[in-house]
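Colleague: Residue numbers (the working numbering): 1179 to 1407. Note that CB positions come from ideal geometry on N, CA and C, so glycine has one too. I'd like to ask you about the structure that follows.
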């Protein structure tokens, strides 16, 4: 078993064992126990009472974090020439089509989100092996396949993220940075949790939100009271 560093021990000592913190308390505590020299990401893990193997219990969606992600999201807009200017003005970092499709075929995936148009999706199909494992394949359900390219790019830049329950029933998401105020971290976390609650499958039985844990890069996790309205 790995030995805890002095800073890690100090951080663990500040977390009350078996206590379920409120979002506000957890957010303040995360800031207190984060000791990295860089601006750590703050992450949340929500365990849901669903069986992801069943199609009617798959939880997937998007949420616009009210205080943004704290990260400069790199956006690639794969669009036809008539949409290029629109995508550039909305803030897309890379804009084009065939040249970027060729780069992706060669293994280039140095972006966070890809936005495209319905008419282009046919060209992206063969690239599923490259984009799928990295979570970069555009999807109409997440708003990244649309004719309103400018809106999609702007939303991603402003803090819109997509999420999907994994095979163990957990939704993981980055909800900000340790440099955010505790209020902003809590606000972003609450927005994600409320969105998840609205997406509860009708076929899910028993407790839906089973547990919630927050952590920052390299920090211990803090248990949050899952009974959030």
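For a test of the three-state rule: what should DSSP assign to residue 1312, helix, strand or coil?
Modeller: Numbered from its first residue, the chain shown carries residue 1312 at position 134. The answer is helix: DSSP assigns residue 1312 an H, G or I state.
Colleague: Are the CB atoms of residue 1357 and residue 1217 within a distance shorter than 8 Å?
Modeller: Within the chain shown, residue 1217 is the residue found at index 39, counting from 1. Within the chain shown, residue 1357 is the residue found at index 179, counting from 1. Yes. Within cutoff.
Colleague: Comparing C-alpha positions only, which one of 1220, 1290 and 1373 sits nearest to residue 1334?
Modeller: Your numbering for residue 1334 matches position 156 in the chain shown. Of 1220, 1290 and 1373, the residue nearest in Cα terms is 1290.
Colleague: So, helix, strand or coil for residue 1248, using DSSP?
Modeller: The residue given as residue 1248 occupies position 70 in the chain shown. It is coil, neither helix nor strand.
Colleague: From residue 1387 to residue 1232, what distance separates their C-alpha atoms?
Modeller: Numbered from 1 along the chain shown, position 209 holds the residue referred to as residue 1387. Numbered from 1 along the chain shown, position 54 holds the residue referred to as residue 1232. Roughly 18 Å separates the two Cα atoms.
Colleague: By DSSP, does residue 1400 sit in helix, in strand, or in coil?
Modeller: Position 222 of the chain shown holds residue 1400. Residue state, collapsed to three classes: strand.
Colleague: Mapping the DSSP letters down to three states, classify residue 1321 as helix, strand or coil.
Modeller: Here residue 1321 corresponds to residue number 143 of the chain shown, with the count starting at 1. Coil at residue 1321, not helix or strand.
Colleague: Do residue 1246 and residue 1336 have their CB atoms nearer than 8 Å?
Modeller: The count along the chain shown starts at 1 and reaches residue 1246 at position 68. The count along the chain shown starts at 1 and reaches residue 1336 at position 158. Yes.
Colleague: Thinking just about the alpha-carbon of each residue, which of 1362, 1268 and 1347 is nearest to the one in residue 1374?
Modeller: Looking up residue 1374 in the chain shown gives position 196. Checking every option, the nearest Cα to that of residue 1374 belongs to 1347.
Colleague: Can you tell me where the alpha helix (DSSP H) holding residue 1207 begins and where it ends?
Modeller: In the chain shown, residue 1207 corresponds to position 29, counting from 1. From DSSP, the alpha helix (DSSP H) with residue 1207 extends over 1201 to 1211.
Colleague: For residue 1253, report the span of its beta strand (DSSP E) as first-last.
Modeller: Along the chain shown, read from residue 1 onward, the residue named residue 1253 stands at position 75. Run containing residue 1253: 1253 to 1256, per the beta strand (DSSP E) assignment.
Colleague: Using a threshold of 8 Å, state whether the C-beta atoms of residue 1400 and residue 1204 are closer than that.
Modeller: In the chain shown, the residue the question calls residue 1400 occupies position 222. In the chain shown, the residue the question calls residue 1204 occupies position 26. Yes, the Cβ-Cβ distance between residue 1400 and residue 1204 is below 8 Å.
Colleague: Could you give the distance in angstroms between the alpha-carbon of residue 1327 and the alpha-carbon of residue 1295?
Modeller: In the chain shown, counting from the first residue as 1, residue 1327 sits at position 149. In the chain shown, counting from the first residue as 1, residue 1295 sits at position 117. Roughly 7 Å between the two C-alpha positions.
Colleague: May I have the straight-line CA-CA distance separating residue 1269 from residue 1255, to the nearest angstrom?
Modeller: Along the chain shown, one-based indexing puts residue 1269 at 91. Along the chain shown, one-based indexing puts residue 1255 at 77. Taking the straight line from one Cα to the other gives about 10 Å.
Colleague: Given a cut-off of 8 Å, decide if residue 1392 and residue 1222 are closer than it, judged by their beta-carbon atoms.
Modeller: Against the chain shown, residue 1222 aligns to sequence position 44. Against the chain shown, residue 1392 aligns to sequence position 214. Yes; because the gap between Cβ atoms is below 8 Å, this pair is in contact.
Colleague: So, at 8 Å on beta carbons, what are the nonlocal neighbours of residue 1288 in its own chain, with the 5 sequence-adjacent residues on each side left out?
Modeller: Along the chain shown, read from residue 1 onward, the residue named residue 1288 stands at position 110. Excluding positions up to five away in sequence, the list reads 1252.
Colleague: Whole angstroms is fine: what's the gap from residue 1341's alpha carbon to residue 1242's?
Modeller: Locating residue 1341 in the chain shown gives position 163, counting from the first residue. Locating residue 1242 in the chain shown gives position 64, counting from the first residue. Distance between the alpha carbons of residue 1341 and residue 1242: 11 Å.
Colleague: Would you report the Cα separation of residue 1237 and residue 1249, rounded to the nearest angstrom?
Modeller: Sequence index remark: in the chain shown, residue 1237 carries index 59 (1-based). Sequence index remark: in the chain shown, residue 1249 carries index 71 (1-based). Cα to Cα, residue 1237 sits roughly 24 Å from residue 1249.
Colleague: Going by CA-CA distance only, name the one from 1329, 1319 and 1239 that's closest to residue 1377.
Modeller: By 1-based counting over the chain shown, the position of residue 1377 is 199. The residue with the shortest Cα to Cα distance from residue 1377 is 1239.
Colleague: Taking C-alpha atoms, which residue in 1297, 1192, 1261 and 1185 lies nearest to residue 1329?
Modeller: Walking along the chain shown from the start, residue 1329 turns up at place 151. Here the closest residue by C-alpha is 1261.
Colleague: Using DSSP bridges, identify the partner residues of residue 1341.
Modeller: The count along the chain shown starts at 1 and reaches residue 1341 at position 163. 1239.
Colleague: Looking at residue 1353: is its Cβ nearer than 8 Å to the Cβ of residue 1224?
Modeller: Here the question's residue 1353 lines up with position 175 in the chain shown. Here the question's residue 1224 lines up with position 46 in the chain shown. Taking 8 Å as the Cβ cut-off, residue 1353 and residue 1224 do not qualify as a contacting pair.
Colleague: What are the boundary residues of the beta strand (DSSP E) that includes residue 1274?
Modeller: In the chain shown, the residue the question calls residue 1274 occupies position 96. That run of the beta strand (DSSP E) goes 1272 to 1274.
Colleague: Using the rule of at least 16 other Cβ atoms within 10 Å of the residue's Cβ for burial, across every protein chain shown, is residue 1179 buried or exposed?
Modeller: The residue given as residue 1179 occupies position 1 in the chain shown. Any reading at residue 1179 is ruled out, since the residue's pLDDT is 41, under 50, leaving its predicted position unreliable.
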